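Trainee: Structure below; questions to follow.
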Amino acid sequence: MTIREMQAEIAELKREKDVCILAHTYQSRDVAEVADFVGDSFQLSLKAREAPQGSVLMCGVRFMAETAKILAPRKRVYLAEEGAGCPMAEQLTPGQVRAEREKYPGCAVVAYVNTTAELKAEADVCVTSSSAVSVVKKLSAEDILFIPDVNLGRYVQERCPEKRLHFLSGCCPVHAAVTAAEAAEAKAAHPGAEFLVHPECRAEVTALADFVGSTAEIMDYVRRSDGREFVIGTEIAVAEHLGFAFPERRFYTLPGLICRDMKRTALPSVYRVLKWGGKPVELPRELIAAAGTSIAKMLELG
Ligand code: 13P
Ligand code: SF4
């Protein structure tokens, strides 16, 4: 079967089985082409809630499928590749967060959406990389326990000087591995290029950037820019999508920015679940209710 034949069959199967395919921007082009919607974590959570179909097939990692299930508990939600997780999501335990919260009476616990449902249930509000600054600004608490990504947290702190952010240790192993020397080298190799970076990168890398934003914000920035060349400081799929959308412009990647978990999903993963079925995401009802409160608050404030 060719890629085009598989895509055509996927299009038929999703109609027949009433499935909405959602794909994160880190998915490859052939997967993005069969999706009903491609976007960043914040946009995907909105779409999961709004989709008129009875089922959602998430092409991304587990926390994204869990978020979809929490927002649309009556829908059947499938993750295209069962084993695709986000290592950052599991770096803390609810017990650690509870103990840390005690240290800052009156604080708000803000959980990056890249967390397990159990951690979301521990939080007062969730954020994504695109909503974090606006959500934190709107909270009445001055002390914020921000989990788990210290790099995103530091980026939020810079933009919300009126708040005191506190951290436990956590980060994205893919973005945090980029060094300032690698970023400087890429800039030197492409002196005419703008440098666009995800806030999960370390401070010394974002300090060199012309723009810092979520995956969708980086893509929007390119759409609005008159620039011809860009160094893309996030997962290489974003540069791939931009390269197809703007063939007359040049997009350069940084070494090692490949999320192996995101890359587990390929077109046959989508085909397999649609054709032969998969295991729907199941979460206990109380967990859905508790985690749902902090996600709903993010959607309200973000
Ligand atoms: P976005 O919020 O840009 O979708 O990022 C999610 C993510 O996992 C980045 O590594
Ligand atoms: Fe998680 Fe990092 Fe992969 Fe995003 S890029 S899914 S934060 S490991």
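End of the sequence shown sits at 751 in the numbering used here; the numbers just go up one at a time, nothing left out. Even for Gly, the Cβ is constructed at its ideal location relative to N, Cα and C. None of the values given here were measured: they were computed from a predicted structure.
#1: Taking one C-beta from the stretch 461-480 and one from the stretch 698-717 each time, how about it: are there three or more such pairs within less than 8 Å?
#2: Is the beta carbon of residue 686 sitting closer than 7 Å to the one on residue 702?
#3: Where do the ends of the alpha helix (DSSP H) carrying residue 592 lie?
#4: Please state if the CB of residue 492 and the CB of residue 469 are separated by a distance shorter than 7 Å.
#5: Does the beta-carbon distance from residue 506 to residue 722 come in below 7 Å?
#6: I'd like to confirm the pairing. Which residues does DSSP put opposite residue 527 in its beta bridges?
#7: Would you call residue 530 buried or exposed, if buried means 16 or more other Cβ atoms sit within 10 Å of its Cβ?
#8: Is residue 537 near the ligand SF4, judged by its Cβ being under 6 Å from some heavy atom?
#9: Do the stretch 549-565 and the stretch 520-530 touch if we need at least three Cβ pairs shorter than 8 Å?
#10: For residue 649, is the beta carbon positioned less than 6 Å from some heavy atom of the ligand 13P?
#11: With a cut-off of 8 Å on the beta carbons, I'd call residue 577 and residue 489 a contact; round off their distance for me.
#12: Looking at the structure shown, is residue 488 part of a helix, part of a strand, or coil, going by DSSP?
#13: Does the stretch 545-562 come into contact with the stretch 724-739, if we say contact requires no fewer than three beta-carbon pairs (one atom in each stretch) closer than 8 Å?
#14: Return yes when the Cβ of residue 680 is within less than 7 Å of the Cβ of residue 624, no when it is not.
#15: Compare the beta carbon distance of residue 609 and residue 574 with 7 Å and say whether it is the shorter of the two.
#16: Anyone know if the C-beta pair for residue 515 and residue 546 falls short of 7 Å?
Mentor: In brief:
#1: At 8 Å Cβ cutoff, the stretches touch.
#2: Translated into the one-based positions of the sequence shown, residue 686 becomes position 237. Translated into the one-based positions of the sequence shown, residue 702 becomes position 253. No; because the gap between Cβ atoms is not below 7 Å, this pair is not in contact.
#3: By one-based count along the sequence shown, residue 592 stands at place 143. That residue, residue 592, is in no alpha helix (DSSP H); its beta strand (DSSP E) goes 592-596.
#4: For the purposes of this step, residue 469 is identified with residue 20 of the sequence shown, where counting begins at 1. For the purposes of this step, residue 492 is identified with residue 43 of the sequence shown, where counting begins at 1. Result no, Cβ atoms of residue 469 and residue 492 do not sit closer than 7 Å.
#5: Stepping through the sequence shown from its first residue, residue 506 is reached at position 57. Stepping through the sequence shown from its first residue, residue 722 is reached at position 273. A contact, by the Cβ cut-off of 7 Å.
#6: As a first step, residue 527 is located in the sequence shown; it is residue number 78 there, counting from the start. Within the DSSP bridge table, the entry for residue 527 names 506 as partners.
#7: In the sequence shown, residue 530 corresponds to position 81, counting from 1. Buried: at least 16 other Cβ atoms inside 10 Å.
#8: Numbered from 1 along the sequence shown, position 88 holds the residue referred to as residue 537. Residue 537: yes, Cβ under 6 Å from the ligand SF4.
#9: no
#10: Here residue 649 refers to the residue found at position 200 of the sequence shown. Indeed, a heavy atom of the ligand 13P lies less than 6 Å from the Cβ.
#11: Here residue 577 refers to the residue found at position 128 when the sequence shown is read from its first residue. Here residue 489 refers to the residue found at position 40 when the sequence shown is read from its first residue. Yes, residue 577 and residue 489 are in contact; Cβ-Cβ is about 7 Å, under 8 Å.
#12: Along the sequence shown, read from residue 1 onward, the residue named residue 488 stands at position 39. Correct three-state label for residue 488: strand.
#13: no
#14: Position 175 of the sequence shown holds residue 624. Position 231 of the sequence shown holds residue 680. The answer is no: Cβ separation not under 7 Å.
#15: Here residue 609 refers to the residue found at position 160 when the sequence shown is read from its first residue. Here residue 574 refers to the residue found at position 125 when the sequence shown is read from its first residue. Residue 574 is positioned such that its CB atom lies no closer than 7 Å to that of residue 609.
#16: Indexing the sequence shown from 1 puts residue 515 at position 66. Indexing the sequence shown from 1 puts residue 546 at position 97. Cβ distance not < 7 Å, so residue 515 and residue 546 don't count as in contact.
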